[in-house]
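Participant:
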Amino acid sequence: MDRDFLRHKRRIVIKIGTSTITHMNTENLNLEKLERFARVLTDIRNRDKEVVVVSSGAIGAGRKALGIKGRPSTLSVKQACAAVGQARLMMIYQKLFAEYNQTIAQILITKRIMLNEISRFNAQNTFQELFRMGVIPIVNENDPISTDQIQEENFGDNDTLSANVAELVGADLLILLSDIDGLYTDDPRNNKDAGFISYVKSIDERLEAMAKGADTSLGTGGMTTKIAAARIAAAAGVDMVIANGDKVSNISRILNGDEIGTLFRA
Numbered sequence: 172m173d174r175d176f177l178r179h180k181r182r183i184v185i186k187i188g189t190s191t192i193t194h195m196n197t198e199n200l201n202l203e204k205l206e207r208f209a210r211v212l213t214d215i216r217n218r219d220k221e222v223v224v225v226s227s228g229a230i231g232a233g234r235k236a237l238g239i240k241g242r243p244s245t246l247s248v249k250q251a252c253a254a255v256g257q258a259r260l261m262m263i264y265q266k267l268f269a270e271y272n273q274t275i276a277q278i279l280i281t282k283r284i285m286l287n288e289i290s291r292f293n294a295q296n297t298f299q300e301l302f303r304m305g306v307i308p309i310v311n312e313n314d315p316i317s318t319d320q321i322q323e324e325n326f327g328d329n330d331t332l333s334a335n336v337a338e339l340v341g342a343d344l345l346i347l348l349s350d351i352d353g354l355y356t357d358d359p360r361n362n363k364d365a366g367f368i369s370y371v372k373s374i375d376e377r378l379e380a381m382a383k384g385a386d387t388s389l390g391t392g393g394m395t396t397k398i399a400a401a402r403i404a405a406a407a408g409v410d411m412v413i414a415n416g417d418k419v420s421n422i423s424r425i426l427n428g429d430e431i432g433t434l435f436r437a
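Residue numbers (the numbering used here): 172 to 437.
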């Protein structure tokens, strides 16, 4: 399918996962990739497009800072890791984006904001004002206070959160950066005969059956949550692309209309 229409997308939400911004062997943040990410997004802003980032990685960054090995087992420890990690992650984002003279903002979302009419309206106004000022908002769920995402009962993970944010801000396009190239008929890491799916017109039960859960110690969502995000985005009239985040340049290639990743039409 011709993707030239993606060139004209102006308001883009980009979700970057923990596995994308982390060295998998050490679980430390991948600073080189984060630097490229900041450069690419600033260049997108320079093209007069509006960008929102939904960033994972806070709990992982907090774990490393606190010397905690493995995924925390208790809710309070997860919240503590998120509190430490959010500060560390935003400090790094602030430093990297400042190199390109790009202003960023942190927005912490809870499900209550999405469900309450007044809070939702106020959040929309905040985003609109930030867009007007040329600021790139960086969004995450308020894990130190709101426990729902940590317990996977709220947005479930940042894939779903990013779709809700795309709906909230009236985005034209949602890009989910994953650790694989897109949607396959089966998990390509376990099945060499898995076929790649470039274009999805509609989501049905057969497609959902192909989805696989997460298999890393860092992320909270796999292909199942990305299909759920695609449903939310489609219902809101937002096109969505799942692409490999290993090459941050894929973001620019998607916006240039290249056939990168799996495209879900609204």
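Here a beta-carbon is modelled for each residue, glycine too, at the ideal position from N, C-alpha and C.
Below 8 Å on the Cβ atoms is my contact criterion, and I expect aspartate 357 with alanine 365 to pass it. Report the Cβ-Cβ distance as a whole number of Å.
Facilitator: As a first step, residue 357 is located in the sequence shown; it is residue number 186 there, counting from the start. As a first step, residue 365 is located in the sequence shown; it is residue number 194 there, counting from the start. Confirmed, about 4 Å.
Participant: I need the boundaries of the alpha helix (DSSP H) containing leucine 332, first residue and last residue.
Facilitator: What you label residue 332 is simply residue 161 of the sequence shown in a count that begins at 1. Segment 329-340, the alpha helix (DSSP H) holding leucine 332.
Participant: Taking isoleucine 215 as the reference, give the member of Gly305, Ala404 and Pro243 with the closest Cα.
Facilitator: Counting from one through the sequence shown, the residue named residue 215 turns up at place 44. For isoleucine 215, the nearest C-alpha among the options comes from Gly305.
Participant: Quick one: what's got a C-beta closer than 8 Å to asparagine 217's C-beta in the same chain, skipping five residues either side?
Facilitator: Locating residue 217 in the sequence shown gives position 46, counting from the first residue. Correct list: empty, nothing qualifies.
Participant: Taking only three categories from DSSP, how would you classify threonine 281?
Facilitator: Translated into positions along the sequence shown, residue 281 becomes position 110. Reduced to three states, the DSSP call for threonine 281 is coil.
Participant: Report the partner residues of leucine 348 according to the DSSP bridge assignment.
Facilitator: Numbered from 1 along the sequence shown, position 177 holds the residue referred to as residue 348. Answer is Ile187 and Ala414.
Participant: Pull up the distance between the alpha-carbon of valine 336 and that of serine 226, whole angstroms please.
Facilitator: The residue labelled residue 336 in the question sits at position 165 within the sequence shown. The residue labelled residue 226 in the question sits at position 55 within the sequence shown. Distance between the alpha carbons of valine 336 and serine 226: 12 Å.
Participant: May I have a chain-ordered list of the beta strand (DSSP E) segments no shorter than 3 residues that lie completely inside the stretch 182-250?
Facilitator: The stretch 182-250 contains these whole beta strand (DSSP E) runs: 182-187 and 221-226.
Participant: Work out the CA separation of glutamate 300 and asparagine 361 for me, nearest whole Å.
Facilitator: For the purposes of this step, residue 361 is identified with residue 190 of the sequence shown, where counting begins at 1. For the purposes of this step, residue 300 is identified with residue 129 of the sequence shown, where counting begins at 1. Going from the Cα of asparagine 361 to the Cα of glutamate 300 covers about 46 Å.
Participant: To the nearest angstrom, report how far apart threonine 331 and asparagine 272 are at their CA atoms.
Facilitator: As a working note, residue 331 is residue 160 in the sequence shown. As a working note, residue 272 is residue 101 in the sequence shown. One C-alpha to the other measures close to 30 Å.
Participant: Could you please give the first and the last residue of the uninterrupted beta strand (DSSP E) stretch that includes glutamate 475?
Facilitator: One cannot answer for residue 475 here, as it falls past the ends of the chain, which runs 172 to 437.
Participant: Give the C-beta separation of leucine 347 and alanine 400 to the nearest angstrom, bearing in mind that I take them to be a contact with Cβ-Cβ under 8 Å.
Facilitator: Translated into positions along the sequence shown, residue 347 becomes position 176. Translated into positions along the sequence shown, residue 400 becomes position 229. Leucine 347 to alanine 400, Cβ: 7 Å. Contact.
Participant: Note down the Cα distance separating methionine 381 from tyrosine 355, rounded to an integer number of angstroms.
Facilitator: Working through the sequence shown from its first residue, we reach residue 381 at position 210. Working through the sequence shown from its first residue, we reach residue 355 at position 184. Those two C-alpha atoms are separated by around 7 Å.
Participant: When DSSP labels each residue in this structure, what does threonine 433 get in the three-state scheme?
Facilitator: What you label residue 433 is simply residue 262 of the sequence shown in a count that begins at 1. Strand at threonine 433.
Participant: Relative to the C-alpha of asparagine 427, which candidate in Val211, Asp417 and Met195 has its C-alpha closest?
Facilitator: The residue given as residue 427 occupies position 256 in the sequence shown. Closest option to asparagine 427, Cα to Cα, is Val211.
Participant: Using a Cβ distance threshold of 8 Å, determine whether the stretch 192-209 contacts the stretch 404-414, with at least three qualifying pairs required.
Facilitator: Cβ pair count under 8 Å is below three, so no.
Participant: Which residue from Ile185, Val371 and Ile307 puts its Cα closest to that of aspartate 275?
Facilitator: As a working mapping, residue 275 is identified with position 104 in the sequence shown. For the record, residue 275 in the displayed sequence is isoleucine; it is not aspartate. Nearest C-alpha to isoleucine 275: Ile307.
Participant: DSSP puts isoleucine 275 in a beta bridge; with which residues?
Facilitator: Indexing the sequence shown from 1 puts residue 275 at position 104. BP columns for isoleucine 275 point to Ile307.
Participant: Start and end of the alpha helix (DSSP H) containing glutamate 379?
Facilitator: Here residue 379 refers to the residue found at position 208 when the sequence shown is read from its first residue. Residues 376-381.
Participant: Tell me, please, which residues DSSP counts as bridged to tyrosine 355.
Facilitator: The count along the sequence shown starts at 1 and reaches residue 355 at position 184. The partner list for tyrosine 355 (beta bridge, DSSP) reads Phe367.
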